[in-house]
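According to my numbering, numbering within the sequence shown proceeds without interruption in unit steps and concludes at 231. A virtual CB, placed ideally from N, CA and C, is assigned to each residue, including glycine. Since the model is a prediction, treat every value here as computed from it, not as a measurement. Below is one structure; the comments refer to it alone.
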Amino acid sequence: MNVGIFGGSFNPPHIGHLIVIEAVRDQLQLDKVLFIPAAQNPNKPNSLLTSSQARLDMTELAVKGSNGFEVSDIEIERKSISYTVDTVQALSLLYPRANLSLIIGADNLLEFETWKSPEEIISKAELVVMRRPGFNINTSKNNFVRTARIVNVPQIGISGTDIRRKVKLGQSIRFLVPRQVEDYIYSKRLYRN
Numbered sequence: 039m040n041v042g043i044f045g046g047s048f049n050p051p052h053i054g055h056l057i058v059i060e061a062v063r064d065q066l067q068l069d070k071v072l073f074i075p076a077a078q079n080p081n082k083p084n085s086l087l088t089s090s091q092a093r094l095d096m097t098e099l100a101v102k103g104s105n106g107f108e109v110s111d112i113e114i115e116r117k118s119i120s121y122t123v124d125t126v127q128a129l130s131l132l133y134p135r136a137n138l139s140l141i142i143g144a145d146n147l148l149e150f151e152t153w154k155s156p157e158e159i160i161s162k163a164e165l166v167v168m169r170r171p172g173f174n175i176n177t178s179k180n181n182f183v184r185t186a187r188i189v190n191v192p193q194i195g196i197s198g199t200d201i202r203r204k205v206k207l208g209q210s211i212r213f214l215v216p217r218q219v220e221d222y223i224y225s226k227r228l229y230r231n
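Quick look at the structure:
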């Protein structure tokens, strides 16, 4: 079995996430991709995050009915800073016969060697990097470029920051997030202040 691991804040999960991960799933012939909301990203201040439960709920709504996409609460259940190495280690025990692929953006590759135990991560999972505009992977001085599998994905100009700003300003987020996520955001009055 081939399992993709896609972690993030998912604050909120949006159409861009779904489109690029579907492209990766197709290219790598992954049986499933686990969307893993972070409890607390070590590189992002926690004060900017919506509650873990709300982000988990929205991620579940975003992937509902999408064949091959699942949500894991493995990092949220940890209730502390989410280190990728801990997640990959735990998933390698949960899926002992699976080929794991850690899916990251090119921007994350540039800082990958500063992550906790990057060598251990790539010993348990193939590093898959989604090519992004403005990041020249080929000239990166990062030692992990050689081991990474580079995949081309559609360039989608949607960001969680823009979605949160639009909600705060009372602007439409239709077609930026799945309809169920949009309904959840409005019903829970998220991102209003």
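### Query
Grouping DSSP H, G and I as helix and E and B as strand, with all else coil, what is residue 184?
If DSSP states are grouped into helix, strand and coil, residue 184 belongs with coil.
### Task
Please report how far the alpha carbon of residue 60 lies from the alpha carbon of residue 42, in whole angstroms.
Going from the Cα of residue 60 to the Cα of residue 42 covers about 11 Å.
### Query
Is it buried or exposed for residue 31, if we count other Cβ within 10 angstroms and need 16 for buried?
This structure does not reach residue 31, given that the chain is present from 39 up to 231, and the question cannot be answered.
### Query
Per DSSP, residue 139 forms a beta bridge with which residues?
Beta-bridge analysis with DSSP links residue 139 to 42, 164.
### Task
Counting only the same chain and skipping the five closest in sequence on each side, list residues whose C-beta sits under 8 Å from that of residue 230.
Excluding residues within five positions, the ones whose Cβ falls inside 8 Å are 205, 206.
### Query
Just how far apart, CA to CA, sit residue 49 and residue 127?
Distance from the CA atom of residue 49 to the CA atom of residue 127, rounded to whole angstroms, is 25 Å.
### Query
Can you pull the DSSP bridge partners for residue 72?
Looking at the DSSP assignment, residue 72 forms a beta bridge with 43, 108.
### Cβ shell of residue 92 (< 7 Å), same chain only, five flanking positions each side left out
Excluding residues within five positions, the ones whose Cβ falls inside 7 Å are 226, 228.
### Query
Tell me the DSSP bridge mates of residue 215?
Under DSSP, residue 215 takes part in a beta bridge, and its partners are 212.
### Nearest to residue 68 (by Cα), restricted to the options 89, 44, 75, 209
Among 89, 44, 75, 209, the Cα nearest to that of residue 68 belongs to 44.
### Query
Can you check whether the CB of residue 118 is closer than 9 Å to the CB of residue 187?
Residue 118 is positioned such that its CB atom lies no closer than 9 Å to that of residue 187.
### Query
In this structure, does DSSP put residue 189 in helix, strand or coil?
Taken through DSSP and simplified to helix, strand or coil, residue 189 comes out as strand.
### Query
Of the residues 190, 121, 183, 220, which one's Cα is nearest the Cα of residue 198?
Of 190, 121, 183, 220, the residue nearest in Cα terms is 220.
### Query
In terms of residue numbering, what span does the alpha helix (DSSP H) encompassing residue 146 cover?
Run containing residue 146: 144 to 147, per the alpha helix (DSSP H) assignment.
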